[in-house]
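Chains as they are written, first to last, in my numbering: chain X, 1 to 500; chain Y, 1 to 162. Beta carbons are placed, not taken as given, at the ideal position from N, Cα and C, and that holds for glycine. Right, one structure below, let's go through it.
In structure tokens:
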């Protein structure tokens with residue numbers, strides 16, 4: 001491994017490769033900031049350029065674009081509550097309230113540090129455990145996936161305020177219902193499409209996230225009838241320094257979330273979005289008495305999803321490089337790029353193409369470092385976005401959220417649907433219904449249905465098959481723990497808040 | 001007669017939503033080759049809709065047994081003035097319908113100008129560079145990425161004729 005690492009270092013640290021990884025990070029970050037243009041668009045844009053490069057250099061460039069795009073998505077999530085990519089939706093939960101409280105600079109700095117350290121821990125894990133984890137990921141079959149999705153759903157209590165659990169469950173149910181819109185993949189039967197071709201492919205996650213977060217936020221901003229300058233006090237938005245107490249509180253969160261995110265990222269199909277949601281939920285469960293509460297600008301609530309989504313991106317390279325299985329749309333494009341170079345990813349990659357294998361791994365670390373150095377000086381500039389007058393900021397948020405959805409499908413029906421969802425979301429938010437569980441239900445719904453169906457087909461309808469193996473039993477125990485812990489804690493703290 | 005609180009109406013609306021969802025789920029055709037007890041296309045919708053239905057029903061019941069004082073207190077909350085939001089929604093619908101006619105760039109410029117004017121007072125010299133600059137910059141970026149944006153029916157017709 002040491003020889004391989006040195007080989008990777010010598011390749012990745014050449015001046016040209018350093019320039020390519022820096023350019024990739026910058027381009028990815030700028031594209032990722034625009035809602036709708038996520039890592040897939042950014043990598044697709046760079047593929048023609050990468051074909052003219054050496055395989056190692058080309059892959060280094062594309063890996064840089066991937067990280068940059070994910071980080072760019074966090075910036076727009078924090079500043080204007082418009083997550084650029086699905087993996088950064090959870091970043092907005094605490095990042096945006098921090099920005100609204102005048103701490104945009106600190107929020108962006110925490111995101112940068114969490115991404116860097118999360119990515120770094122994940123790279124180390126990738127180096128030492130890639131082949132073992134690749135085999136473990138193959139042990140994950142439909143019952144384990146079903147239970148993992150149920151574990152994600154059981155974290156719903158973490159996404160709701162005390163006394164609002166029923167509302168959170170209702171929102172999860174709505175999310176699950178919306179995930180069933182479109183063609184049923186197993187039977188090919190259209191469901192809830194009302195005869196419209198526009199709904200045949202289902203509802204887009206990006207559209208739902210934009211409608212319930214960015215567009216709703218902009219419409220609520222108009223409702224407040226206040227100038228934005230008074231709604232968002234810009235107190236030291238340039239302050240990037242964290243207090244030692246803050247560092248001490250977020251350091252373990254970043255480490256835990258990085259490991260969790262990496263492990264989830266290794267599983268094909270899971271990805272950065274699920275990793276960030278689960279890391280956020282987990283931190284909310286283990287936090288004792290968080291101040292400020294989660295969802296209102298808690299630094300841990302920002303550090304956890306940021307660290308997890310970056311680590312999950314690194315984790316998704318494990319099945320790609322060691323088994324040749326792309327775990328997500330982005331890694332599928334990267335697989336295409338590898339194949340175009342004539343490189344076959346798989347168990348023999350690090351024997352047949354050690355330069356490519358190790359330089360990708362080393363460039364991941366360098367990419368994280370470059371992202372940190374690129375971002376810290378730019379944070380004050382990004383944070384100044386919030387000083388833009390409301391008359392410009394609100395239409396800008398609306399414009400970018402609509403554009404993000406339009407650019408994905410070029411379908412005007414999606415935009416009308418988005419407005420309808422935003423209006424319902426405003427109505428529900430005014431009645432204290434949380435939006436995060438809706439997205440959680442929507443993300444997990446499709447995967448849950450798929451894996452539950454597969455498990456039941458394999459077992460001939462026998463539900464006990466779900467608990468037949470050690471990993472699934474462990475996951476079931478975690479589900480019980482996730483459901484019991486908040487209730488037990490509430491019991492210790494005192495009687496339930498009266499509201500539903 | 002006790003006042004109908006806002007949460008009652010919300011709970012009722014949600015209950016109706018889930019009932020409607022379950023009703024439509026019942027209409028989903030079943031594969032001709034599936035056997036009774038199979039996990040069909042309507043199985044998961046039943047689970048999701050059932051969960052929502054039970055939760056919404058529970059919400060209605062809990063609300064019904066809550067003390068009247070609490071309900072009255074909630075009902076006494078001041079109503080929020082919604083006019084700018086309504087105007088924005090109307091403008092949004094108009095903007096979307098204009099995209100096909102004027103094209104994305106022109107429609108966006110018009111939208112940004114009108115939306116900014118109804119959101120608050122802003123001098124034209126600040127408004128115009130932003131309203132024209134942002135869509136044009138985005139168009140330039142998309143063009144660089146070889147993403148085609150239709151110029152709209154109006155400009156296409158004008159270009160065809162000239």
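**Request:** Flag this pair as yes or no: are the beta carbons of residue 418 of chain X and residue 425 of chain X separated by less than 8 Å?
**Result:** no
**Asked** Which two residues bound the contiguous alpha helix (DSSP H) that contains residue 301 of chain X?
**Response** 299 to 315
**Request:** Report yes or no: do three or more beta-carbon pairs, one from the segment 84 to 104 of chain X and one from the segment 346 to 364 of chain X, lie closer than 8 Å?
**Result:** no
**Asked** Which ranges would you report for the alpha helix (DSSP H) in the segment 25 to 52 of chain X if only whole runs of at least 4 residues count?
**Response** 39 to 50
**Request:** Verify the contact flag: residue 465 of chain X, CB atom, against every heavy atom of the ligand NAP, threshold strictly below 7 Å.
**Result:** Here there are no bound small molecules, and the ligand NAP is not part of this structure.
**Request:** Could I get the ranges of all uninterrupted beta strand (DSSP E) runs contained in the segment 95 to 147 of chain Y, with 3 residues as the minimum, in chain order?
**Result:** none
**Asked** Which residues mark the beginning and the end of the alpha helix (DSSP H) in which residue 364 of chain X is found?
**Response** 354 to 383
**Message:** I'd like to check one pair, residue 471 of chain X with residue 139 of chain X: are the Cβ atoms closer than 8 Å?
**Reply:** yes
**Message:** Is there a Cβ of chain X sitting closer than 8 Å to that of residue 108 of chain Y, yes or no?
**Reply:** yes
**Prompt:** With residue 73 of chain X and residue 119 of chain X assumed to form a contact (beta carbons below 8 Å), what rounded beta-carbon distance in angstroms separates them?
**Reply:** Between residue 119 of chain X and residue 73 of chain X the Cβ distance is about 14 Å, and since that is not below 8 Å, they are no contact.
**Message:** What does the alpha-carbon distance come out to for the pair residue 129 of chain Y and residue 3 of chain X?
**Reply:** 56 Å
**Asked** Rounded to the nearest angstrom, how far is the Cβ of residue 302 of chain X from that of residue 85 of chain X, given a contact under 8 Å?
**Response** Rounded, the Cβ-Cβ distance is 16 Å, inconsistent with contact.
**Prompt:** Are the Cβ atoms of residue 262 of chain X and residue 311 of chain X separated by less than 8 Å?
**Reply:** yes
**Request:** Give me the Cα-Cα distance between residue 181 of chain X and residue 13 of chain Y, rounded to the nearest whole angstrom.
**Result:** 20 Å
**Assigned secondary structure, residue 6 of chain X (DSSP; H/G/I helix, E/B strand, else coil)** = helix
**For residue 405 of chain X and residue 206 of chain X, believed in contact at Cβ under 8 Å, the rounded distance** = 6 Å
**7 Å Cβ cut-off: residues of chain Y touching residue 416 of chain X** = 96
**Counted within 10 angstroms of its Cβ, other Cβ atoms place residue 160 of chain Y as buried (16 or more) or exposed** = exposed
**Prompt:** Near residue 233 of chain X, which residues of its chain fall below 6 Å by C-beta distance, leaving aside the five closest residues on each side in sequence?
**Reply:** For residue 233 of chain X, the predicted structure reports a pLDDT of 46, less than 50, and the residue's modelled location is therefore unreliable. A value from the coordinates is still provided. So the list reads 102, once near-sequence residues are dropped.
**Message:** Taking the beta carbon of residue 363 of chain X as the centre, do at least 16 other beta carbons fall within 10 Å, making it buried, or is it exposed?
**Reply:** buried
**Asked** Can you check whether the CB of residue 333 of chain X is closer than 8 Å to the CB of residue 78 of chain X?
**Response** no
**Asked** What residue range is occupied by the uninterrupted alpha helix (DSSP H) comprising residue 296 of chain X?
**Response** It is not in any alpha helix (DSSP H) - residue 296 of chain X carries neither H nor E in the DSSP assignment.
**Asked** Under a Cβ-count criterion, where at least 16 other Cβ atoms within 10 Å of its own Cβ denotes burial, should residue 135 of chain X be classed as buried or exposed?
**Response** exposed
**Request:** Determine the chain X residues that contact residue 89 of chain Y at a beta-carbon separation under 8 Å, and present them in chain order.
**Result:** 219, 419, 423
**Asked** For residue 453 of chain X, does the three-state DSSP call read helix, strand or coil?
**Response** helix
**Request:** Find the nearest neighbour of residue 128 of chain X within the set X:442, X:378, X:322, judged by alpha-carbon distance.
**Result:** X:322
**residue 70 of chain X, enclosing alpha helix (DSSP H) - first and last residue** = 55 to 80
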